[in-house]
Amino acid sequence: MKPETDAVHDGPGVSRRNFLGGGLVAAAVTPLLTGQAEAEAAEAASASATDGGGQATVRAVVNGDPVTLRVDPRATLLDTLRERLDLKGTKKGCDRGQCGACTVHVDGRRVLSCLTLAASTSGRAVTTIEGLADGDRLHPVQQAFLDHDGLQCGFCTPGQIMSAVAMLDDERSPRSDDEIRERMSGNICRCSAYPRIVDAIRDAQQVMR
Ligand code: FES
Ligand code: FES
């Protein structure tokens, strides 16, 4: 099932050197694109200035850092974050919009980075799991996942946390455990840590009120 995502981006710890350095080399990221991604690629290619080599220039804010990057117009945000910016906290599960492991925020709204083109994030703020904490102080949702042991292997956890943060930041906060489960249904946990994930989100909601 597809997560209740709204958009795609944002996060801290971005290495501007890597960002700019990566832009000097033709992007080698050529993911298997879905029809949606291909359509976005065509749109991004037409909307973005591309150079003679067919690269698009993206200027975005990632985890609070302004970054400029030349990308293949077909590159996904997920691959760009992981391979160009070395932000590996965002996980690649299905790579086709079905598991939620790749959830990040774009302009504060959750999106599936595997279905989002990096070129489409120009002028926007992208936040990844690396950008959630305030220095040494974890975000309340991160802390709640630790307190409730809301994970087993941990592979789905960054996506779960990013999705939960966007849901709790939404003006329509969930009013029941059932609603939490429904609105988190796009984030799959193969370890079935769901009961403790719900416990963690419910407690974080109290802290964030
Ligand atoms: S939904 Fe993006 S990796 Fe599964
Ligand atoms: S903790 Fe293993 S997939 Fe969720």
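For the sequence shown, the working numbering gives the first residue as 61, with consecutive numbering after it.
Quick reminder that beta carbons are idealized off the backbone N, C-alpha and C, glycines included.
Predicted model only: the values in this text are computed from it and were never measured.
Could you tell me which of the options sits nearest to residue i, measuring between CA atoms?
i    : options                   : result
R170 : R130, D229 and V267       : D229
G246 : V118, C159, V127 and D139 : C159
D167 : D155, V186 and K151       : V186
D139 : A193, V118 and L177       : L177
R184 : R197, C174 and L137       : L137
D194 : R269, G124 and G113       : G124
G214 : D196, I248, R156 and P133 : I248
C251 : R235, Q212 and R269       : Q212
T188 : G113, R197, R269 and L141 : L141
R235 : G114, H208, R269 and M222 : R269
I221 : A179, K151 and E143       : K151
A179 : L147, H208, E143 and P133 : P133
H165 : E143, A120 and L129       : A120
Can you give the beta carbon distance from residue i to residue j, rounded, assuming they're within the 8 Å contact cut?
i    : j    : result
Q265 : S233 : 6 Å
T181 : L172 : So it is not a contact: roughly 13 Å between Cβ atoms.
A135 : C216 : Rounded, the Cβ-Cβ distance is 24 Å, inconsistent with contact.
V271 : A116 : Because the chain in this structure spans residues 61 to 269, residue 271 falls outside the shown range and cannot be described.
R256 : G210 : 4 Å
L192 : H199 : 4 Å
A260 : A204 : 4 Å
V122 : L145 : 7 Å
R241 : V258 : 6 Å
E190 : G153 : Not really, about 18 Å apart at Cβ, beyond 8 Å.
R262 : D238 : About 11 Å; that fails the 8 Å criterion.
M244 : A226 : About 11 Å separates the two Cβ atoms, so there is no contact after all.
D196 : C174 : 30 Å between Cβ atoms; not a contact.
Which first and last residues belong to the alpha helix (DSSP H) in which residue i is found?
i    : result
L228 : T217 to D229
P234 : Per DSSP, P234 belongs to no alpha helix (DSSP H) and is neither H nor E.
R262 : Y254 to M268
L192 : Premise fails: L192 is in no alpha helix (DSSP H) and is neither H nor E.
D125 : Where D125 is concerned, there is no enclosing alpha helix (DSSP H), although the beta strand (DSSP E) it sits in stretches over D125 to V131.
A204 : P200 to D207
Check whether the Cβ of residue i lies closer than 7 Å to any heavy atom of ligand 4, and answer yes or no.
i    : result
T150 : Absence of ligand 4 from the depicted structure is noted, with ligand 1 and ligand 2 being the only ligands included.
Where do the ends of the beta strand (DSSP E) carrying residue i lie?
i    : result
A161 : No beta strand (DSSP E) contains A161, which DSSP labels as neither H nor E.
A116 : A116 to V122
R197 : Where R197 is concerned, there is no enclosing beta strand (DSSP E), given that its DSSP letter is neither H nor E.
R170 : R169 to L172
Nearest chain D C-beta to residue i closer than 8 Å, yes or no?
i    : result
A226 : Annotation note: the requested chain D is absent from the structure, which comprises a single protein chain.
Legend entry - Around ligand 1, Cβ to any heavy atom closer than 6 Å, ordered along the chain: K152, G153, C154, D155, G157, Q158, C159, G160, A161, C162, L172 and C174
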